[in-house]
Amino acid sequence: MKNGNDKAAWRETHYQLADTNGKLIINLRDIGHMMRGLYEGRGSQQRILIVLNEMGGAVTQRMLTERLQIRSGSASEVIGKLESAGYIVRTASETDRRNVEVALTEKGREAAEEAKQQRELRHEEMFLCLTETEKEELLVLLEKLSSDWGKRFPLSTAHSEHEHHGRGGHHRPHKDDGHGRKPE
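Residue numbers for the sequence shown follow this note's numbering, so the first one is 2 and each next one is one higher.
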């Protein structure tokens, strides 16, 4: 597998020649690629089940697509698959027949709970190499970057997703001493 070895050697050389900013970008890009592989996407079946379970009861398909930040066509396709599998039911809204409401079945609630548990385990596994202190330090630095990039690069979709889907569903601004550290 010479091609794979050549690619790895080129990559290592490229990394070693990069300055600190270049190395940061390379690492962030690599982590982003890994996270896409490890984490369900915005419109994945597992994420839709989890979000529906969190929203509780029947919600309109429009509310669901807004919460997931996906196109209605994409949502309709995945929702159709979930309905065929018996995880959700779609019904016409009682208050507005033009709207469709989506609700989990018992089977869907069980699948949502299982998906949530798998997500929590995956999150734990992703940070096993860090101590609690290191995780807090990393969090402070990432929040500082996210806040700064959100102000300086307002067209960034990554920042807007973080703001809407961060812990607790909203961005938590972090007060620090200007160097990314929490005050004592």
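Here a beta-carbon is modelled for each residue, glycine too, at the ideal position from N, C-alpha and C.
All of these numbers come straight from a predicted model, not from anything done at the bench.
C-alpha distance - residue i paired with residue j, whole-angstrom precision
i	j	result
H124	C130	12 Å
E55	L105	11 Å
F154	R68	23 Å
E144	M127	18 Å
D7	H15	12 Å
E95	R63	15 Å
E115	G33	25 Å
L122	L39	11 Å
Q70	A19	35 Å
S147	R99	39 Å
L142	I27	17 Å
S85	G109	11 Å
I51	L25	32 Å
E13	M36	21 Å
A76	L156	24 Å
E10	Q17	Inspection of the sequence shows that residue 10 is occupied by Ala rather than by Glu. The alpha-carbon atoms of A10 and Q17 are separated by roughly 11 Å.
N4	R72	39 Å
E137	G74	39 Å
E139	D149	Correcting the residue type first, residue 139 is Leu in the shown sequence and not Glu. Rounded to whole angstroms, L139 to D149 spans 15 Å at the Cα level.
R30	T21	14 Å
T134	G23	26 Å
Q119	T132	21 Å
Nearest residue (CA-CA) to residue i, options the options
i	options	result
V103	M36, G57, G38	G57
Q46	E95, V79, A86	V79
K117	L142, T134, I49	I49
V90	D97, K82, T96	K82
T92	G5, A59, A10, L25	A59
G87	A112, L65, Q17	A112
V101	L65, N22, L139	L65
D97	E137, N22, T61, D149	T61
L53	D31, E107, W150, E133	E107
Boundaries (first-last residue) of the alpha helix (DSSP H) holding residue i
i	result
L140	133-153
- Message: Give the list of continuous alpha helix (DSSP H) stretches no shorter than 4 residues that lie fully inside the region 34-108.
- Response: 46-56, 62-69, 73-85
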